[in-house]
Amino acid sequence: MSLKKLWMGGMRFRTAHKVVAVALLLFSSSVPSALAAETAEDVYNLPCTQPDLSAEPGHVGKEAVRQSLIDPTHPVAINLGPLKFKIPWAYIYPRPFSTHLNCNPNRKTVGIIFWIPDLKAPERDLWGVPEFHPSETDRPNPGPDDSIIRVTGMQYYGYGYPLKESSADQRIDRLLRLYRDDDLVLIDQDRLIKMQNKYTTNTNDQYYFKDEMDSLMLSCTTVSCQAYLDLKDMNLAAQFAIRREVFRNWRQASQGIRALLVRWKMAQQ
Numbered sequence: 003m004s005l006k007k008l009w010m011g012g013m014r015f016r017t018a019h020k021v022v023a024v025a026l027l028l029f030s031s032s033v034p035s036a037l038a039a040e041t042a043e044d045v046y047n048l049p050c051t052q053p054d055l056s057a058e059p060g061h062v063g064k065e066a067v068r069q070s071l072i073d074p075t076h077p078v079a080i081n082l083g084p085l086k087f088k089i090p091w092a093y094i095y096p097r098p099f100s101t102h103l104n105c106n107p108n109r110k111t112v113g114i115i116f117w118i119p120d121l122k123a124p125e126r127d128l129w130g131v132p133e134f135h136p137s138e139t140d141r142p143n144p145g146p147d148d149s150i151i152r153v154t155g156m157q158y159y160g161y162g163y164p165l166k167e168s169s170a171d172q173r174i175d176r177l178l179r180l181y182r183d184d185d186l187v188l189i190d191q192d193r194l195i196k197m198q199n200k201y202t203t204n205t206n207d208q209y210y211f212k213d214e215m216d217s218l219m220l221s222c223t224t225v226s227c228q229a230y231l232d233l234k235d236m237n238l239a240a241q242f243a244i245r246r247e248v249f250r251n252w253r254q255a256s257q258g259i260r261a262l263l264v265r266w267k268m269a270q271q
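This is the structure in structure tokens:
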């Protein structure tokens, strides 16, 4: 597939989600009677098809109505390699369309989203919304340490499941080699190692953490840090974004990802 087609496909996907998000915010509009008769159970049993994004003049679209019926805790089956999960709908990033609840659960990658420190799902779908600190009904004034963690990709790796991108360890080792001749100094900041070198500034710095269970690489700019996490005991690699102001709470983010996955993981049969 050409890069142009991939780009166009991604644009259509993001646009569709934004259309649904806007429609849900405007849900006070009248709903066609045929759609109003549809129940949550009907939605949970929809076959795997493309979503219906049509809307009658003056009415909320069918997909927006259906999404309003989905319980945020409704479990969606997702498999990463041999690992099987039941992930609550509101945690999946972006949230699946109503007609994607019963699709093939086998995925190469999946995204999730949650708050730290309490690990709750956000109130609304934040796909395409660049907010780390949104006001919500139960969180009208988020505290300074409250922040959204976006896991934009999580992938299983192992025999038959090659990583699409470099692991956290590979990124760390590559940067250590790269900076070796650039006045590299390793500074331990509460077990998070800062890679101080002649290129380091207040808006461009890198950190890492390693132990037997996890490896984490953080690359920070003015606004946020891009993180690469390896959960070695689960053979899962994840990428997530964390707000610059709270990146010192990296443990809450990395341990939160692990805790949620353990909560959602199904017993091996």
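Its first residue numbered 3, the sequence shown is counted upward by one per residue in the numbering used here.
Ideal placement from N, C-alpha and C gives every residue a C-beta, glycine not left out.
Enumerate in chain order the residues of its own chain whose CB-to-CB distance from residue i is below 6 Å, with the five nearest sequence positions on each side excluded.
i, result
"Ile189", "Lys196 and Gln198"
"Ser226", "Ala243, Arg245 and Arg246"
"Val187", "Gln198"
"Arg173", "Met219 and Tyr230"
What whole-angstrom Cβ distance do residue i and residue j have, given they're in contact under 8 Å?
i, j, result
"Pro1", "Val78", "Nothing about residue 1 can be read from this structure; the chain reaches only from 3 to 271."
"Leu128", "Pro119", "So it is not a contact: roughly 18 Å between Cβ atoms."
"Leu231", "Leu218", "5 Å"
Specify the secondary structure class of residue i as computed by DSSP and reduced to three states.
i, result
"Ala229", "strand"
"Gly145", "coil"
"Lys64", "helix"
"Ile259", "helix"
"Ala333", "The structure shown does not extend to residue 333, since the chain is modelled only from 3 to 271, so the question has no answer here."
"Thr2", "In the structure as shown, the chain begins at 3 and stops at 271. Residue 2 is therefore absent and cannot be evaluated."
"Val153", "strand"
"Arg179", "helix"
"Leu71", "helix"
"Trp252", "helix"
"Tyr46", "helix"
"Asp190", "strand"
"Tyr161", "coil"
Leaving aside the five residues before and after residue i along the sequence, list all residues of the same chain whose C-beta is less than 7 Å from its C-beta, in chain order.
i, result
"Phe116", "Tyr93, Lys122, Ala123, Ile151, Gly258 and Leu262"
"Ile80", "Phe87, Ile89, Pro107, Arg109 and Val112"
For residue i, list the residues DSSP reports as bridge partners.
i, result
"Phe87", "Ile80 and Lys267"
"Cys222", "Asp207 and Cys227"
"Lys110", "DSSP lists no partner for Lys110."
"Phe116", "Ile151"
Excluding five sequence neighbours on each side, which residues of the same chain lie with their C-beta closer than 8 Å to the C-beta of residue i?
i, result
"Met215", "Leu233, Lys234 and Asp235"
At a cut-off of 7 Å, is residue i close to the ligand HEM when judged by its beta-carbon and the heavy atoms of the ligand?
i, result
"His76", "In terms of ligand content, the structure shown is empty, and the ligand HEM therefore cannot be addressed."
Cβ contact (3+ pairs, closer than 8 Å) linking the region 235-250 and the region 214-227: The region 235-250, when compared against the region 214-227, does touch it at the 8 Å Cβ threshold.
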